[in-house]
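So the sequence lines, in the order shown, correspond to chains A and B. All residue numbers for the first sequence refer to the working numbering, where the first residue is 7 and numbers rise by one. All residue numbers for the second sequence refer to the working numbering, where the first residue is 1109 and numbers rise by one. Cβ coordinates follow ideal geometry from the N, Cα and C atoms, glycine included.
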Amino acid sequence: MRTLIKGARVLDPGKLDGNKTVLISGQTIEAVLDPSDSVPGNAADLRVVDADGLVLVPGLMDIHVHLREPGHEYKETIATGAAAAARGGFTAVCAMPNTVPVNDNAQVTRFILEKAGIAKAARVYPVGAVTRGSAGTRLAEIRDMQLAGIVAVSDDGRPVENAQLMRRALEYCDGLSLPVFVHAEDLSLVNGGAMNEGPAATFHGIPGIPNAAEAVMVARDILLSRLTGARVHFCHISCEESIDLIRNAKLQGVRVTCETAPHYFTLIDEDVKGYDTRFKMNPPLRSEKDRQAVIQGLVDGTIDVIASDHAPHSREEKDLEFDRAAFGIVGLETALPLSLKLVQDKWLPLDELIMKMAKHPARILGINNDIRPGNPADLSLIDLEDKGVIDPERFVSKSRNTPFTGMAVQGTAVATMVNGTFVFERRPAQ
Amino acid sequence: MRFTKKDILDIHSLDPEEIALILDTAMGMKEISQRPVKKVPTLRGKTIVLFFQEPSTRTKLSFEIAAKRLSADSVAIAKAGSSMAKGETLIDTVKNLEAMRPDVIVMRHGSSGAAYLVANRVDCSVINAGDGIHAHPSQALLDMMSVREKKGRLSGLKLAMIGDIAHSRVARSDIAGFSKMGAQVWVCAPRTMIPAGIQALGCTVASTMEACVADADVIMMLRIQKERMNDILFPTEREYAGWFGLNRDRVALAKKDVTIMHPGPMNRGVEISSDVADAGYSMILDQVTNGVALRMALYYLVAGGSRHADTD
Chain A
7 MRTLIKGARV LDPGKLDGNK TVLISGQTIE AVLDPSDSVP GNAADLRVVD ADGLVLVPGL
67 MDIHVHLREP GHEYKETIAT GAAAAARGGF TAVCAMPNTV PVNDNAQVTR FILEKAGIAK
127 AARVYPVGAV TRGSAGTRLA EIRDMQLAGI VAVSDDGRPV ENAQLMRRAL EYCDGLSLPV
187 FVHAEDLSLV NGGAMNEGPA ATFHGIPGIP NAAEAVMVAR DILLSRLTGA RVHFCHISCE
247 ESIDLIRNAK LQGVRVTCET APHYFTLIDE DVKGYDTRFK MNPPLRSEKD RQAVIQGLVD
307 GTIDVIASDH APHSREEKDL EFDRAAFGIV GLETALPLSL KLVQDKWLPL DELIMKMAKH
367 PARILGINND IRPGNPADLS LIDLEDKGVI DPERFVSKSR NTPFTGMAVQ GTAVATMVNG
427 TFVFERRPAQ
Chain B
1109 MRFTKKDILD IHSLDPEEIA LILDTAMGMK EISQRPVKKV PTLRGKTIVL FFQEPSTRTK
1169 LSFEIAAKRL SADSVAIAKA GSSMAKGETL IDTVKNLEAM RPDVIVMRHG SSGAAYLVAN
1229 RVDCSVINAG DGIHAHPSQA LLDMMSVREK KGRLSGLKLA MIGDIAHSRV ARSDIAGFSK
1289 MGAQVWVCAP RTMIPAGIQA LGCTVASTME ACVADADVIM MLRIQKERMN DILFPTEREY
1349 AGWFGLNRDR VALAKKDVTI MHPGPMNRGV EISSDVADAG YSMILDQVTN GVALRMALYY
1409 LVAGGSRHAD TD
């Protein structure tokens, strides 16, 4: 079975940009042709996909996702999460290890990969825990998990509080060429906070989380990266101070990368109204100044990646007093349209956005996702013109906890191909 | 003027005319408390649930007495005996309460915004008797009532508030209320107790205790919560008393007819010296008396409705 995608603008940032025809044979890209080229081989088994007016890009990768399985299948399963990813245009996601049990051993890693294989949706790359049970006391068997298939390690959801343990983790993972994803949070500074420290928190009487709760840990781990020479990737960066530190570290040649999430360049703490827990996540929505700094960090390249931090929660965990409600929002099915707003607002050219959603994530994981013959056919097809309104009732994800309900957006994924097979295709309009 | 609000959730959601109406109504209610037979039939047949999920003695008693004086039936449920102690969610608990058709739920809860959560889900009136560190509107209203009674006005007065502003729902509600009614509110405390952006609620942060109380018409001392010692807000009560405690020397900086308030319970010798607390310019007990009248007014306005105004 072969597939021919024709008529699309094929955009592989830094490599390709133009009207090309992509021929997929089996699981791989067979050829990238000019529209006038004849299609090699037998035309009989060829499915032709007319992609006029659409943009074909290397498979988008969301390197920060919570799939909740094993343990919290009522929030999300690997199957529903991977399907939501495909629906959102992602060909691959990194599944954070804070499940029950924690993915801190090869058995859990293999379980996740087995479930992902059955799902036939986006690829799932498991992230292993840094420490056993993510408890922050002893290293997990990281090499064993790597042999089973993890692509990175993280204790996401909590910080590695002990600096010596973090140092050893960085050194150990450097020897395995595994990236360490850092959840930067000083718990003593968070001190029970539930939204950004500032006038909005004061008004609502909600204990605040200062920017420094994130930035002091960013600073520590930049220093540990300098000390060890090991790579560090910072998750969900939300505030100006962290971005300044990372920008400076990069100038000094420290091996750091970082990601932000769409909510941090879309919403601010003043948007939290009437104790609406759909706006509660960690790190919290920050000030307008921080939002501007996040956009600036994306523009000047300090922020390498946009990841959703997809954090599904059931209605019961959100329909509570603000301080008792769970932190987190779903993001897989809103990340692309929200990020395309950066292009519409002329903050980023489209190729830069695709860098941050496809190429840089792949580079961090050591994956080559160029649109070139021989590579796995992991591709995302995007309609930049489609206008819509975010409607959680139409999410494929099991959970609906989003603050973006009713927001008008432009641009959406219309098809997602993994390994030569469409795992999501929008039904043709009308 | 008709009072049209279903709920009393915080001061922010009341406009100055509504605050004035509440205070005027409360003055009328105060007269009832001075009669030999302290009871009127105004809210006969109404049911009021006192849903207190945090310990409270005075506020709860005040709400309970206020209900009895208006002939309403009041029922109190406490945390220990409630199904919330068995893990039921707040919304499920109040939906069950609502099914018994109360007219008013008075609630106190440890989480900021809890009264909002409940008010959005029930048809009956909700009066917030304190939610986390967010709001305590009946306390602020009775404070305004007491000051207005004593000074004849609120507009143009200088109110100095000293203490843990960051963790005080009384402070937030008083700042919002007094500033809405035209008073100037000054606050001071160690920086550890001044939350970011408090000025936006309508106050000035004084650099010293002396500047704060200078020429003040009213000094309000907030209780230093001993359980906050773990939060590293201040080293010792002794040091706090020296820096921010109210004593005679500091009172002397205020206006001659200064009034001293405290939402209680007091820590004598910490935020307020005993001689100041017991001196003639203290109106701490007046606050307690007015609290009953003010809460009667709140019940009357949300549950009695102005259609009763002529008959009673």
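Item                                                                                                                                                                      : Value
Put Arg-1266(B) into one of helix, strand or coil per three-state DSSP.                                                                                                   : For the record, residue 1266(B) in the displayed sequence is Lys; it is not Arg. Three-state DSSP puts Lys-1266(B) in a strand.
Please state whether DSSP places Gln-302(A) in a helix, a strand or coil.                                                                                                 : helix
May I ask you to list, following chain order, the residues of the region 1262-1295 of chain B that have a beta carbon less than 7 Å from some beta carbon of chain A?     : Arg-1277 and Arg-1280
For Pro-76(A), collect the residues of the same chain with a Cβ closer than 6 Å to its Cβ; drop the 5 residues on either side in sequence, then sort them by chain order. : Thr-105
If you draw a straight line from the C-alpha of Gly-426(A) to the C-alpha of Ile-377(A), how long is it?                                                                  : 12 Å
CA-CA distance, His-1416(B) and Arg-1177(B)?                                                                                                                              : Low confidence applies here, because His-1416(B) scores a pLDDT of 44, under 50, leaving its location unreliable and the question unanswered by this model.
Residues of chain A with a CB under 7 Å from the CB of Ile-1241(B): which are they?                                                                                       : Gly-211
Which residues mark the beginning and the end of the beta strand (DSSP E) in which Arg-8(A) is found?                                                                     : 8-12
With DSSP collapsed to three states, give me the class of Asp-1386(B).                                                                                                    : helix
By the criterion of Cβ-Cβ separation under 9 Å, what are the contact partners of Ser-1220(B) in chain A?                                                                  : Ala-200, His-210, Gly-211, Ile-212, Pro-213, Tyr-281, Glu-327, Phe-328 and Asp-329
Quick one: which residues of the region 1192-1217 of chain B get their C-beta closer than 8 Å to a C-beta of chain A? List them in chain order.                           : Thr-1197, Leu-1198, Ile-1199 and His-1217
Please report whether the beta-carbon of Pro-1303(B) lies at a distance below 9 Å from any beta-carbon of chain A.                                                        : yes
Let me confirm a value: Gln-350(A) is counted as buried when at least 16 other C-beta atoms fall within 10 Å, else exposed. Which label applies?                          : exposed
Using the beta-carbon of each residue, which ones in chain A are nearer than 7 Å to Ile-1306(B)?                                                                          : Thr-208
Taking 6 Å as the limit between beta carbons, can you name the residues of its chain near Ala-1184(B), skipping five residues before and five after?                      : Leu-1158
Going along chain B, which residues have a C-beta under 8 Å from Val-204(A)?                                                                                              : The amino acid occupying residue 204(A) in the given sequence is Gly; Val does not appear at that position. Residues of chain B passing the Cβ test: Ala-1304 and Gly-1305.
If the cut is a Cβ gap below 7 Å, which residues of chain A does Leu-1225(B) touch?                                                                                       : Tyr-281 and Glu-327
Does any residue of chain B bring its CB to less than 9 Å from the CB of Asn-407(A)?                                                                                      : no
Enumerate, from N- to C-terminal direction, the unbroken alpha helix (DSSP H) stretches of 4 or more residues contained entirely within the region 1225-1283 of chain B.  : 1245-1259
Can you tell me where the beta strand (DSSP E) with Ser-31(A) in it begins and where it stops?                                                                            : 27-31
Please compile the residues from chain A whose C-beta is within a distance smaller than 8 Å of the C-beta of Leu-1309(B).                                                 : Thr-208 and Phe-209
Among Phe-333(A), Phe-209(A) and Val-311(A), which residue has its Cα nearest to the Cα of Pro-318(A)?                                                                    : Phe-333(A)
Counting Cβ pairs, one atom from each stretch, are 3 or more of them under 8 Å apart for the region 1303-1311 of chain B and the region 1248-1266 of chain B?             : no
Per DSSP, which one or two residues make a beta bridge with Gly-211(A)?                                                                                                   : BP columns for Gly-211(A) are empty, so no partner.
Given Leu-39(A), which residues of its chain have a CB within under 8 Å of its CB, disregarding the five upstream and five downstream residues?                           : Lys-26, Thr-27, Val-28, Leu-29 and Val-45
Does Thr-97(A) pass the burial test, meaning 16 or more other C-beta atoms within 10 Å, or should it be called exposed?                                                   : buried
For chain A, find out if any of its Cβ atoms is closer than 9 Å to the Cβ of His-1120(B); answer yes or no.                                                               : yes
Please state whether the Cβ-Cβ distance between Lys-1363(B) and Ala-1387(B) is less than 9 Å.                                                                             : no
Following the continuous alpha helix (DSSP H) through Arg-1358(B), name the residue where it begins and the one where it ends.                                            : 1356-1359
Select from Ile-1119(B), Arg-1152(B), Ser-1121(B) and Ile-1283(B) the residue whose C-alpha is nearest the C-alpha of Tyr-1407(B).                                        : Arg-1152(B)
Roughly how many angstroms lie between the CA atoms of Phe-430(A) and Leu-342(A), to the nearest whole one?                                                               : 15 Å
Within 10 Å of its beta-carbon, does Glu-1125(B) have 16 or more other beta-carbons around it, so buried, or fewer, so exposed?                                           : exposed
When you compare the CB positions of Pro-132(A) and Pro-103(A), do they come within less than 9 Å of one another, or not?                                                 : yes
Would you kindly work out how many angstroms separate the C-alpha atoms of Val-1278(B) and Gln-298(A), rounded to a whole number?                                         : 35 Å
Determine the burial state of Ile-1340(B): buried for a count of at least 16 other Cβ atoms within 10 Å of its Cβ, exposed for fewer.                                     : exposed
Since Gly-1240(B) contacts Gly-1264(B) with CB under 8 Å, what's their CB separation in whole angstroms?                                                                  : Rounded, the Cβ-Cβ distance is 32 Å, inconsistent with contact.
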